[in-house]
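Residue numbers (the numbering used here), protein chains in the order written: chain A, 6 to 330; chain B, 6 to 330. Ideal Cβ placement from N, Cα and C applies to all residues, glycine included. Values in this document were obtained by computation on a predicted structure and should not be read as measured data.
2 protein chains.
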Amino acid sequence: MTDIAMIEAAAARLKGVGRVTPLLSSPFLDEIAGRRIFVKAEVLQHTGSFKFRGAWSAISALAPEIRAKGVLAFSSGNHAQGIARAAQLHDVPATIIMPKDAPALKIANTRALGAEVVLYDRVGGEDRNIIGEELRLARGLTLIKPFDEPLVLAGQGSCGLEIAAQAAELGITQADVLTCCGGGGLTAGIALALEAKAPDMKVRPVEPEGFDDVTRSLASGGIMRNNGPEAGFCDAILTPAPGEITFPVMQRLCGAGIVVTEAQTRQAMREAFLRLKIVVEPGGAVALAAALFHGDKLDQEVTIATASGGNVDAALFADVLAEGA
Amino acid sequence: MTDIAMIEAAAARLKGVGRVTPLLSSPFLDEIAGRRIFVKAEVLQHTGSFKFRGAWSAISALAPEIRAKGVLAFSSGNHAQGIARAAQLHDVPATIIMPKDAPALKIANTRALGAEVVLYDRVGGEDRNIIGEELRLARGLTLIKPFDEPLVLAGQGSCGLEIAAQAAELGITQADVLTCCGGGGLTAGIALALEAKAPDMKVRPVEPEGFDDVTRSLASGGIMRNNGPEAGFCDAILTPAPGEITFPVMQRLCGAGIVVTEAQTRQAMREAFLRLKIVVEPGGAVALAAALFHGDKLDQEVTIATASGGNVDAALFADVLAEGA
Chain A
6 MTDIAMIEAA
16 AARLKGVGRV
26 TPLLSSPFLD
36 EIAGRRIFVK
46 AEVLQHTGSF
56 KFRGAWSAIS
66 ALAPEIRAKG
76 VLAFSSGNHA
86 QGIARAAQLH
96 DVPATIIMPK
106 DAPALKIANT
116 RALGAEVVLY
126 DRVGGEDRNI
136 IGEELRLARG
146 LTLIKPFDEP
156 LVLAGQGSCG
166 LEIAAQAAEL
176 GITQADVLTC
186 CGGGGLTAGI
196 ALALEAKAPD
206 MKVRPVEPEG
216 FDDVTRSLAS
226 GGIMRNNGPE
236 AGFCDAILTP
246 APGEITFPVM
256 QRLCGAGIVV
266 TEAQTRQAMR
276 EAFLRLKIVV
286 EPGGAVALAA
296 ALFHGDKLDQ
306 EVTIATASGG
316 NVDAALFADV
326 LAEGA
Chain B
6 MTDIAMIEAA
16 AARLKGVGRV
26 TPLLSSPFLD
36 EIAGRRIFVK
46 AEVLQHTGSF
56 KFRGAWSAIS
66 ALAPEIRAKG
76 VLAFSSGNHA
86 QGIARAAQLH
96 DVPATIIMPK
106 DAPALKIANT
116 RALGAEVVLY
126 DRVGGEDRNI
136 IGEELRLARG
146 LTLIKPFDEP
156 LVLAGQGSCG
166 LEIAAQAAEL
176 GITQADVLTC
186 CGGGGLTAGI
196 ALALEAKAPD
206 MKVRPVEPEG
216 FDDVTRSLAS
226 GGIMRNNGPE
236 AGFCDAILTP
246 APGEITFPVM
256 QRLCGAGIVV
266 TEAQTRQAMR
276 EAFLRLKIVV
286 EPGGAVALAA
296 ALFHGDKLDQ
306 EVTIATASGG
316 NVDAALFADV
326 LAEGA
């Protein structure tokens with residue numbers, strides 16, 4: 006299981022390859038929130054999201070003869086791009102199973118990064134697991150799960166190591182650390198890193214309204230599933246339930262979840278544009294939304310929010326900006 | 006006059022205050038350009054542009070009793086915000102003379118950062134120098150010029166120190182370094198830093214069509230002025246002529262200027278959005294435009310382009326994005 010040694014080993018494999026993303030801030034955001042806010046800008050990671058960390062961590066750890074046969078992933082987009090790029094840099098083939106209603110930009114990018122994309126009909130009920138299993142067996146591929154995979158979790162944990170070090174440089178050791186939470190890979194990875202490196206920081210998973218499986222699971226003490234539709238505004242983080250590996254970590258280390266509305270998420274995207282000059286996708290903006298608009302649920306004087314991804318279609322981003330004008 | 010010692014002293018004063026901005030890249034940009042491109046993301050500097058560096062450098066160097074009386078600046082926006090924020094952090098008053106047709110966002114931000122903004126009618130022919138001189142004398146303010154000021158130049162040079170160090174970490178010592186060029190503060194500052202720290206890099210100033218005073222001045226060997234209108238798409242860099250301090254530095258150290266079209270600048274803004282997840286304003290995107298679309302004028306295998314500012318109104322940015330959809 007993933008521990009701090011595995012996270013530090015993943016960080017060592019990422020050194021010189023992954024990007025140490027900056028911790029950004031603006032007095033304008035502090036004013037909205039009424040406290041100090043820092044944003045860990047994972048949108049600036051390679052392929053535009055933290056997912057490159059976990060993908061590189063997993064692929065770089067494979068035995069060369071296994072890796073050479075290629076890797077397989079299921080993803081609505083960000084894990085897909087992370088895997089595609091990490092495979093491309095290792096010069097091994099990647100096959101990615103994506104829902105055909107994933108954002109066009111994510112599908113196009115995944116292909117452009119050299120992966121073979123196999124689309125399936127999520128809404129129409131096609132089973133991606135059957136499609137994937139056939140390909141895996143036929144080609145001898147190694148499946149790299151998006152979050153329930155210890156090496157992926159270790160890679161995402163490298164983001165937590167950076168948060169601890171960057172905050173310490175600013176003299177900050179206590180903070181609420183808000184994470185955009187789908188299956189819990191980033192959340193659990195950061196929580197494990199902070200447990201070792203910044204034990205006075207508390208991770209708080211953030212989810213969009215209608216997809217609050219982690220929040221309900223943490224409150225009830227057992228894994229709960231989303232019952233609504235599978236698709237929505239925050240496409241990157243609409244996982245149906247917390248992972249079997251990630252949930253016990255979150256249960257042990259995280260505070261209560263926070264749920265934000267779509268309107269708050271859109272506003273957070275606009276504030277990130279205006280005040281931080283970064284492009285954040287819907288699923289990557291929920292933590293900042295919680296930092297800005299849910300201060301009543303936070304305990305500490307400093308908030309650190311992950312901006313976990315920036316892969317948003319231009320038309321949608323323009324639409325979000327136009328609303329605020 | 007500004008030299009490497011002054012630049013290093015400015016960098017020391019900025020340490021822990023200014024942000025070390027990342028050097029970003031994307032395989033998609035490399036593909037367009039047909040060579041490796043790195044983008045120095047000064048949009049992520051405090052106040053959304055490199056101008057904070059020079060402002061902090063100048064204000065932090067003032068004698069405390071002089072500084073306490075306050076500072077004065079003329080600016081269409083980015084220098085204004087840099088001065089306002091640096092003065093606010095020093096807890097001294099800032100008075101900023103801005104053209105009333107400057108972008109609304111820049112005027113609003115300058116006020117919100119605690120400065121007193123005095124608007125003048127640039128198009129109607131009001132003389133900002135008379136307005137400023139009256140205020141300076143009446144209030145005992147210290148004028149901080151946007152580029153023809155050795156301490157400001159030293160602050161902008163800190164960006165060049167970072168470029169040299171970050172490129173060296175990537176194993177890069179030779180590159181064309183493209184700068185977005187108005188009065189030449191960033192260009193000359195970076196050139197001075199690279200002369201000392203990365204002498205195999207060559208700075209190439211980039212300007213928008215119709216405002217190519219630096220390019221023509223470098224070609225002719227004497228200061229040439231723009232003859233067209235004072236306002237335009239790339240508002241941040243429409244200075245009428247190179248500075249008296251900056252021009253000799255550029256003449257000694259820079260290669261030929263490069264001129265880009267508005268269409269290329271808009272495309273560069275879209276590519277920065279899509280591929281780097283950063284928000285770049287028109288005047289901050291000309292260097293990337295040259296890197297992407299003027300490779301025939303470049304000599305080296307690696308291009309480093311400054312993305313010098315990101316203070317663009319949401320409506321304009323949405324318009325630029327919509328065009329590319």
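- Where residue 69 of chain B is concerned, the enclosing alpha helix (DSSP H) starts and stops at 69-72.
- Not one beta carbon of chain A lies nearer than 8 Å to the beta carbon of residue 123 of chain B.
- Where residue 309 of chain A is concerned, the enclosing beta strand (DSSP E) starts and stops at 307-312.
- When only Cα atoms are considered, residue 318 of chain B and residue 44 of chain B end up about 22 Å apart.
- Only those residues of the stretch 312-328 of chain A whose C-beta falls short of 7 Å from the nearest C-beta of chain B are listed: 315, 319, 320, 322, 323, 326, 327.
- Residues of chain A with a Cβ closer than 7 Å to the Cβ of residue 27 of chain B are, in chain order, 24, 27, 49.
- Ranking A:281, A:323, A:257, A:329 by CA distance to the CA of residue 315 of chain B puts A:281 first.
- Per the DSSP secondary-structure output, residue 29 of chain B pairs in a beta bridge with B:44.
- Setting aside the 5 residues that flank it on each side, residue 71 of chain B is surrounded in the same chain by 147, each with a C-beta closer than 7 Å to its C-beta; the list follows chain order.
- Beta-bridge annotation (DSSP): residue 213 of chain A is paired with A:265.
- Assignment of residue 274 of chain B by DSSP, reduced to helix, strand and coil, places it in the helix class.
- Closer than 8 Å to the CB of residue 219 of chain A there is not a single CB belonging to chain B.
- Between the alpha carbons of residue 85 of chain A and residue 41 of chain A lies a gap of roughly 34 Å.
- Residue 54 of chain B sits in a strand when the DSSP states are folded into three classes.
- Contact between the stretch 161-168 of chain A and the stretch 190-201 of chain A is present: three or more C-beta pairs spanning the two stretches fall below 8 Å.
- Between the beta-carbon of residue 277 of chain A and that of residue 283 of chain A there is about 5 Å, and that keeps the pair under the 8 Å contact cut.
- One Cα belongs to residue 96 of chain B, the other to residue 67 of chain B, and the distance between them is close to 13 Å.
- Contact with chain B is found for residue 284 of chain A, since one of that chain's Cβ atoms lies less than 8 Å from the residue's Cβ.
- Linking residue 35 of chain B to residue 308 of chain B through their CA atoms gives a straight-line distance of about 10 Å.
- For the stretch 99-132 of chain A, residues whose beta-carbon sits nearer than 9 Å to a beta-carbon of chain B comprise 110, 114, 117, 118.
- Here the C-alpha atom of residue 210 of chain B lies approximately 20 Å from the C-alpha atom of residue 177 of chain B.
- For residue 57 of chain B, not one C-beta of chain A is nearer than 8 Å to its own C-beta.
- Following the DSSP letters along the chain, one finds residue 181 of chain B in no alpha helix (DSSP H) but inside the beta strand (DSSP E) bounded by residues 180-185.
- For residue 152 of chain A, the secondary structure class from DSSP, reduced to helix, strand or coil, is coil.
- Contact with chain B is found for residue 53 of chain A, since one of that chain's Cβ atoms lies less than 8 Å from the residue's Cβ.
- Rounded to whole angstroms, the Cβ separation of residue 26 of chain A and residue 155 of chain A is 23 Å, and the two are not in contact under 8 Å.
- The alpha carbon of residue 301 of chain A has as its nearest neighbour, out of A:181, A:87, A:151, the alpha carbon of A:181.
- Looking only at B:107, B:103, B:325, B:142, the smallest Cα-Cα distance to residue 133 of chain B is reached by B:103.
- Shown here, residue 103 of chain A sits in a strand according to DSSP, grouped into three states.
- Cβ-Cβ separation between residue 153 of chain A and residue 9 of chain A: approximately 19 Å, too far for a contact (criterion under 8 Å).
- Inter-residue distance for residue 21 of chain A and residue 275 of chain B is about 27 Å (C-alpha atoms, whole angstroms).
- Cβ-Cβ distances below 7 Å link residue 126 of chain A to 105 in the same chain, with the five nearest sequence neighbours on each side left out; the list follows chain order.
- From the listed residues B:230, B:263, B:258, the smallest Cα separation to residue 247 of chain B is found for B:230.
- For residue 254 of chain B, the enclosing alpha helix (DSSP H) covers residues 251-258.
- Within chain B, not a single residue places a beta-carbon under 8 Å from that of residue 34 of chain A; the smallest gap is close to 12 Å.
- When the beta-carbon positions are compared, residue 270 of chain B and residue 213 of chain B come within less than 8 Å of each other.
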